[in-house]
Amino acid sequence: MPEERHENIRLKLRILVEGDEIPPPLKSFREMKLNKGIMAGLSQKGIKKPTPIQVQGIPTVLSGRDMIGIAFTGSGKTLVFVLPLLMFCLEQEIKLPFKPNEGPYGLIICPSRELAKQTFDIINHYMTYLERANYPRLRSCLAIGGIPVFESLDVIKRGVHIMVATPGRLMDMLDKKMINLEVCRYLCMDEADRMIDMGFEEDVRTIFSFFQGQRQTLLFSATMPKKIQNFARSALVKPITINVGRAGAASMNVIQEVEYVKQEAKVVYLLECLKKTTPPVLIFAEKKQDVDAIHEYLLLKGVEAVAIHGGKDQEERSKSVDAFRKDQEERSKSVDAFRK
């Protein structure tokens, strides 16, 4: 396929790319040569064709290149780093099965527990379908605050292919030599802008120092401020940058309406809006105390609601997420930590 045709595909899908020797975009999962287990997993989820970030991102990652992905929430970016990693891990396991206490081969770092758990669940979905297709069994582990460390260690002892972690728990496990990154060759930082904003830059740089070999590094971000650009320059080698929509832009699938309301009238107006809106509803607030205040107000007004923020323990947070997902609650609110 000539380069001109590649450019036409990118233009049509509004994919902006920067870098040298960029792999061609592939418009179908079959062209990407994904195995039958992964294809079955995609089919079960009703995913028939790749999104723009996947069209260019998956071939880029499969080619072994470092990558910066700028994409909005809901763009399908998670599969850009999950599917190639599963392919790489299968290749390693087939060549030489992982021994006890070996791994991880791939490390995914997320800024929040909820995002880490969501990513972990997606990985396990495809691992299940790989096993059903008679591929070697792969193992993944979740390392986040609020979950006992021994649960992660149980998987690590058997040899682990993929670890999904938050920076704090990962640093703790590395410092205590519970895990090592001796064979880790694949690092993905999801929502890197949030990670840096939350003050994890130093922790992430320290995590880099634990790598003992060459690695492929991926960085995903909804925004690309100067701080992230500088961080990316120091962490990645000759990366390909893929941008699907202006950095920081909202999903094209979201209709946005703005209402100007006086500060003191906000919660009253919020209640009026909820009366006219079919549940479930997500409400975002900037501060934890605002979340608690809104939650208390809604309960007093007879609205069933759950609240989630970083000040609550993991059990409370998990229960709120599960309740919201199962449509057992009519309303839910959260701070930015739960914007997924």
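Going by numbering that gives the first Met the number 0, the sequence shown opens with residue 0, and the numbers climb by one from there. The C-beta atom is built at its ideal place from N, Cα and C for all residues, glycine as well.
I'd like to confirm the pairing. Which residues does DSSP put opposite residue i in its beta bridges?
i, result
"Thr59", "The partner list for Thr59 (beta bridge, DSSP) is empty, contrary to what the question assumes."
"Met170", "BP columns for Met170 are empty, so no partner."
"Ser319", "BP columns for Ser319 are empty, so no partner."
"Ser139", "Ile161"
"Met197", "None, per the DSSP bridge assignment."
"Cys183", "For Cys183, which the question treats as bridged, DSSP gives no partner whatsoever."
"Thr216", "Leu186"
"Glu295", "In the DSSP output, where bridge partners are listed per residue, Glu295 has none listed."
"Gly105", "Ile161, Tyr185"
"Leu15", "Asn242"
How about residue i and residue j: are their beta carbons less than 8 Å apart?
i, j, result
"Met197", "Pro278", "no"
"Ile121", "Val81", "yes"
"Pro238", "Ile107", "no"
"Pro51", "Ile21", "no"
"Lys116", "Ile155", "no"
"Ile161", "Cys88", "yes"
"Ser233", "Ile227", "no"
"Pro99", "Arg157", "yes"
"Arg112", "Gly145", "yes"
"Val159", "Cys187", "no"
"Glu263", "Phe230", "no"
"Ala70", "Val253", "no"
"Leu129", "Ile37", "yes"
"Glu17", "Thr240", "yes"
"Val305", "Ala322", "yes"
"Leu85", "Tyr125", "yes"
"Leu345", "Glu190", "Because residue 345 is not part of the residues shown, which for the chain are 0 to 339, the question remains open."
"Ser27", "Lys48", "yes"
"Lys287", "His308", "yes"
Can you round the beta-carbon distance between residue i and residue j to whole angstroms, since I take them to be within the 8 Å contact cut?
i, j, result
"Thr118", "Thr77", "6 Å"
"Val54", "Pro24", "5 Å"
"Thr216", "Asp65", "5 Å"
"Pro166", "Asp202", "4 Å"
Give a yes or no on whether the minimum CB-CB distance between residue i and chain B is below 8 Å.
i, result
"Gly310", "The displayed structure is made up of one protein chain only, and chain B is not part of it."
Margin query: Report the start-end ranges of each beta strand (DSSP E) in the segment 218-282 that is 3 residues or longer and not cut off at the edges.
Written below: 239-243
Notebook entry, point to check: Counting pairs of Cβ atoms below 8 Å between the segment 31-45 and the segment 177-196, do you hit three or more?
Noted result: no
Item checked: Every unbroken beta strand (DSSP E) inside the segment 30-75 [3 residues or more] -> 66-70
Notebook entry, point to check: Are the segment 162-175 and the segment 83-101 in contact at 8 Å, needing three or more beta carbon pairs?
Noted result: no
Note to self: Would the segment 260-277 count as touching the segment 294-305 if we require 3 or more Cβ pairs under 8 Å?
What the structure shows: yes
Next item on the list: Please list the segments of the beta strand (DSSP E) lying wholly inside the segment 76-133, counting only runs of 3 or more residues, in order along the chain.
Entry: 105-108
Next item on the list: Determine contact between the segment 129-137 and the segment 299-318, defined as no fewer than three beta-carbon pairs at a distance below 8 Å.
Entry: no
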